[in-house]
Amino acid sequence: MKPLLIPTIVLAGLTCVLAAQHQFSITLDAAQAGGGGRSGSGAGTLTLDDALNTLTFNNIVWSGLSANATAAHIHGPAGPGVDAGVIYNLVPTYTQSGSTSGTISGTLPLVDGQAGFSLATQLSQLHGGLWYINIHSTAFPGGEIRGQIVPEPTSLALLGLGLGFVTRALRLRSRQPASPV
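So the mapping is simple: this note's numbering equals the position in the sequence shown, first residue as 1, plus 2.
Structure below.
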C-alpha cells in the first residue's frame, strides 16, 4: 500500500493546482451576431483563475469585420442567440477599436457587484456558458461578431483520469495473492 501513497499525494496536489485554473474557448462569427451582411470571425482561449478571481484572454484574435470596430464587451447572462447587457467593457484595456482586426489579450480582474452581479453569480454564469464576447463595428453598432465563452472540461477530465488510474492500481493490488515467506 505504501508504494501508492506518494503517487496519490502527488495526484492530489496536482488536482488542487488544476482546480484554480479553468480553461474556456471562444469562436466568434457573424452568424452568432445575427448574420445579415455581417462578416468577420475570431477564436481563442481564456483562463479563469478562481483563486485570484481573474480572467486571462490568451490572445483571442479576430479579423475580417466589414467596418472598423467601435467596442468589445463581455455580455451576459445569455445563451446562444439571446442578447444580454454588458458585464465588462474590453476597450481600450484589452483590445483596440478603429480597425477591422485585432487581438483581445490581458488579464481582467473579476469584480464583486459588477453589472449588479455578485462574484459567485458571475463565476456560475461563466462556468454555465452564459457569457459571450461581442465586437461592435461602425456598420453594426449592435455587434458584428459574437461568440459564447465555453468551458473546457480539461480539469475534470484530468481529475477523472488520475482517479481512474489510482482506483485501477488499488484493485489490481488487492487481487494479487500474498507472496510466500
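All C-beta atoms in this analysis are idealised placements derived from N, C-alpha and C, irrespective of residue type, glycine included.
Would you kindly check if the distance between the Cβ of residue j and the Cβ of residue i is under 7 Å?
i   : j    : result
A32 : I135 : no
F26 : I137 : no
T72 : S101 : no
N61 : G42  : no
Give the straight-line distance between the Cα atoms of residue i and residue j, rounded to the nearest whole angstrom.
i    : j    : result
N70  : A141 : 8 Å
G78  : R177 : 52 Å
E154 : T29  : 13 Å
R173 : T49  : 36 Å
G37  : L110 : 29 Å
T88  : A117 : The sequence given here places Val at residue 88; Thr does not occur at that position. Approximately 7 Å between the Cα atoms of the pair.
H24  : L57  : 9 Å
D114 : I76  : 15 Å
F119 : W64  : 28 Å
P143 : R40  : 11 Å
H129 : I106 : 20 Å
F59  : A53  : 17 Å
Nearest to residue i by alpha carbon, out of the options?
i    : options                : result
S68  : G130, L121, G145, G149 : G145
G108 : G115, Y96, G118        : Y96
N55  : L121, I76, T105, P153  : L121
S139 : T123, V93, G130        : V93
A74  : G39, A35, G81          : A35
G131 : T58, A80, D114         : A80
N91  : R40, W133, H24, G39    : W133
G66  : H129, S103, F119, P143 : S103
Thinking residue i and residue j are a contact (beta carbons under 8 Å), I'd like their distance in whole angstroms, please.
i    : j    : result
G83  : G149 : 12 Å between Cβ atoms; not a contact.
A86  : D51  : Rounded, the Cβ-Cβ distance is 24 Å, inconsistent with contact.
Q127 : L112 : Actually they are not in contact, since the Cβ atoms of Q127 and L112 sit about 11 Å apart, beyond 8 Å.
Segments assigned alpha helix (DSSP H), at least 4 residues, entirely inside the stretch 111-157: 121-129
Minimum length 3: unbroken beta strand (DSSP E) runs contained in the stretch 37-66: As far as the stretch 37-66 is concerned, its whole beta strand (DSSP E) runs of at least 3 residues are 43-51, 56-65.
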